[in-house]
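Report on the structure given below.
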Amino acid sequence: MVTYSQSGQLNSIVSNVMRALQGKAQLNWEHLKPMPEFPFPWKGIRFWDAQPECVEMIPSRLEPFDFNPDEDFDLIILGYPIWFLSPPIPLTTFLKSDEAKQVMKGKPIITIIGSRNMWVGAQEDIKAMIAEAGAELVGNISLRDKHHNLPSVITIIYWMTTGKKDRLWGIFPLPGISDKDIDEARRFGYPILKALETGQYYNLQENLLALKSVEIIPSVLSMEKKGKKIFRIWSKFIRKKGEAGNPERIPRLKMFKWYLLFVIFFVSPIVTLFFYISYPFFLKKTRRNLKYYSGVGFKK
Ligand SMILES: Cc1cc2nc3c(=O)[nH]c(=O)nc-3n(C[C@H](O)[C@H](O)[C@H](O)COP(=O)(O)O)c2cc1C
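For my numbering, add 11 to where a residue sits in the sequence shown, where the first one is 1.
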């Protein structure tokens, strides 16, 4: 397993999934360690400053890996949260490294995602990097915060910037993925164990989906797809002012921050309303999208 998790949320999901395999398979857990570590809790502009390099998938630096890239693993699990609709920089850095390409070549890969609720575009980026490494994605489990999109934005920002995972002002829901969903993630381990023991991965994603390993909300998907395109424009615009940490980026980062908050709280409710009004006209396309993004196939 190769994972990156700041608060430990993603790691709890991964360890619950892997429970069924304990004692039945030899497990190696590689915790990615950025150099320097990203702050948690995040402070001020530093949070927004991660956007351009996440979106552009620019690798940074990691501490040397503990695994031996010459070792022949039967199965590789990649566990990651989502940052700005993109893979987090430490995972991008791993996937673009020579060691990852060497160890992943020809291997079955399972992804485990723990996000707020917008992960689909990042998974497409991950699919591309898996394909580039000559590996094959055979399964995906994606857990998310099931609260409504708007309160979950507030609670995630509260959690990420204070480190406190409690109810903001006693009225907001708890931030992040529910303890129940994290706990019940252990059910996904059984089909994985079976696939590992038989070496048959062709129907693994079908078996995982039967256990509800992925649930996509059509209106959230539609919003995310638009957001991903706009994020690319912002990342290029901000990077014209230099690399991460360059103080010249600050005015543009602040513009991005206010733009994003405005879009989330004022534009997205209207867009969602229009989405559902026009839903019947795009039913076929929406169904096609849901099927594709729930699967492990990759078209680029
Ligand atoms: C910089 C940053 C950006 C994030 N952007 C997104 C996002 O675009 N979509 C989303 O669903 N979650 C987003 N999240 C929430 C993460 O996916 C994840 O739920 C949270 O960081 C906890 O993960 P952990 O296991 O690393 O603690 C973001 C978190 C951070 C820190």
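No residue lacks a Cβ here, since even glycine has one placed at the ideal position from N, Cα and C.
Exercise for the section: Examine ligand 1 and report whether any of its heavy atoms sits within less than 7 angstroms of the Cβ of I93. Expected result: Position 82 of the sequence shown, counted from the first residue, corresponds to residue 93. At least one heavy atom of ligand 1 is nearer than 7 angstroms to the Cβ of I93, so yes.
Problem - DSSP three-state assignment for A142, whether helix, strand or coil - result: Numbered from 1 along the sequence shown, position 131 holds the residue referred to as residue 142. Of the three classes helix, strand and coil, the one that applies to A142 here is helix, per DSSP.
Handout entry: Option in W59, S26, L32 and W53 with minimal Cα separation from G125
Key = Within the sequence shown, numbered from 1, the residue matching residue 125 stands at position 114. Residue S26 is the option with its Cα nearest to G125.
Exercise for the section: Going by CA-CA distance only, name the one from F95, R57 and E41 that's closest to E74. Expected result: Here residue 74 refers to the residue found at position 63 when the sequence shown is read from its first residue. The residue with the shortest Cα to Cα distance from E74 is E41.
Problem - V307 - DSSP class collapsed to helix/strand/coil - result: In the sequence shown, counting from the first residue as 1, residue 307 sits at position 296. In this structure, V307 counts as coil in the three-state DSSP scheme.
Practice task
Kindly indicate which residue of S230, I275 and R178 has the alpha-carbon position closest to the one of L161.
Solution key: Indexing the sequence shown from 1 puts residue 161 at position 150. It is I275 whose Cα lies nearest to the Cα of L161.
Practice task
Would you tell me roughly how many angstroms separate the C-alpha atoms of H159 and I141, rounded to the nearest one?
Solution key: As a first step, residue 159 is located in the sequence shown; it is residue number 148 there, counting from the start. As a first step, residue 141 is located in the sequence shown; it is residue number 130 there, counting from the start. Using only the alpha carbons, I get a separation of about 31 angstroms.
Exercise for the section: Could you tell me which of T172, I121 and F285 sits nearest to F84, measuring between CA atoms? Expected result: In the sequence shown, counting from the first residue as 1, residue 84 sits at position 73. F84 has its Cα closest to that of I121, out of T172, I121 and F285.
Practice task
Report buried or exposed for K59, applying the criterion of at least 16 other Cβ atoms within 10 angstroms of its Cβ.
Solution key: As a working mapping, residue 59 is identified with position 48 in the sequence shown. The sequence shown places Trp at residue 59, not Lys. That one is buried.
Practice task
List the endpoints of the continuous alpha helix (DSSP H) containing Y270.
Solution key: Here residue 270 refers to the residue found at position 259 of the sequence shown. Note, Y270: alpha helix (DSSP H), I261 to F273.
Practice task
State the Cα-Cα distance for the pair L43 and F49, rounded to the nearest angstrom.
Solution key: Within the sequence shown, numbered from 1, the residue matching residue 43 stands at position 32. Within the sequence shown, numbered from 1, the residue matching residue 49 stands at position 38. Distance between the alpha carbons of L43 and F49 is about 12 angstroms.
Practice task
Just mark N214 as buried or exposed, buried being the case when its beta carbon has 16 or more other beta carbons within 10 Å.
Solution key: Here residue 214 corresponds to residue number 203 of the sequence shown, with the count starting at 1. Under this definition N214 is an exposed residue.
Exercise for the section: Would you check if the region 279-290 and the region 221-240 touch, i.e. whether three or more CB-CB distances between them fall below 8 angstroms? Expected result: yes
Handout entry: First through last residue of the alpha helix (DSSP H) which encompasses S16
Key = By 1-based counting over the sequence shown, the position of residue 16 is 5. Where S16 is concerned, there is no enclosing alpha helix (DSSP H), given that its DSSP letter is neither H nor E.
Practice task
Take the Cβ of N151 as the centre, count every other Cβ of all protein chains shown within 10 Å, and call the residue buried at 16 or more, exposed below.
Solution key: Mapped onto the sequence shown, residue 151 falls at position 140. N151 comes out buried.
Practice task
Please confirm whether any heavy atom of ligand 1 lies closer than 7 angstroms to the CB of I193.
Solution key: Your numbering for residue 193 matches position 182 in the sequence shown. I193 Cβ: outside cutoff for every heavy atom of ligand 1.
Practice task
Decide if G132 is buried, meaning its Cβ has at least 16 other Cβ atoms within 10 Å, or exposed.
Solution key: Locating residue 132 in the sequence shown gives position 121, counting from the first residue. Buried is the call here.
Practice task
Taking the CB atoms as reference points, tell me whether R260 and I244 lie closer together than 8 angstroms.
Solution key: As a position in the sequence shown, residue 260 is number 249, starting the count at 1. As a position in the sequence shown, residue 244 is number 233, starting the count at 1. No, they are not a contact pair.
Exercise for the section: Return the residue from the list A31, P63, M46 and I24 that minimises the CA-CA distance to K268. Expected result: Here residue 268 refers to the residue found at position 257 when the sequence shown is read from its first residue. Among A31, P63, M46 and I24, the Cα nearest to that of K268 is on P63.
Exercise for the section: Measure the beta-carbon distance from P229 to L301 and round it to whole angstroms, keeping in mind my assumption that it falls under 8 angstroms. Expected result: Residue 229 sits at position 218 when you count from the first residue of the sequence shown. Residue 301 sits at position 290 when you count from the first residue of the sequence shown. So it is a contact: roughly 7 angstroms between Cβ atoms.
Problem - M68 Cβ short of 7 angstroms to ligand 1 heavy atom set - result: Looking up residue 68 in the sequence shown gives position 57. No, since every heavy atom of ligand 1 falls outside the 7 angstroms radius drawn around the Cβ of M68.
Exercise for the section: Go ahead and label F242 buried or exposed: buried means 16 or more other beta carbons lie within 10 angstroms of its beta carbon, across all protein chains shown. Expected result: Sequence index remark: in the sequence shown, residue 242 carries index 231 (1-based). With 16 or more Cβ atoms within 10 Å of its Cβ, F242 is classed as buried.
Handout entry: Closest by C-alpha distance to L219, when choosing among K205, L204 and F199
Key = As a first step, residue 219 is located in the sequence shown; it is residue number 208 there, counting from the start. Ranking K205, L204 and F199 by Cα distance to L219 puts F199 first.
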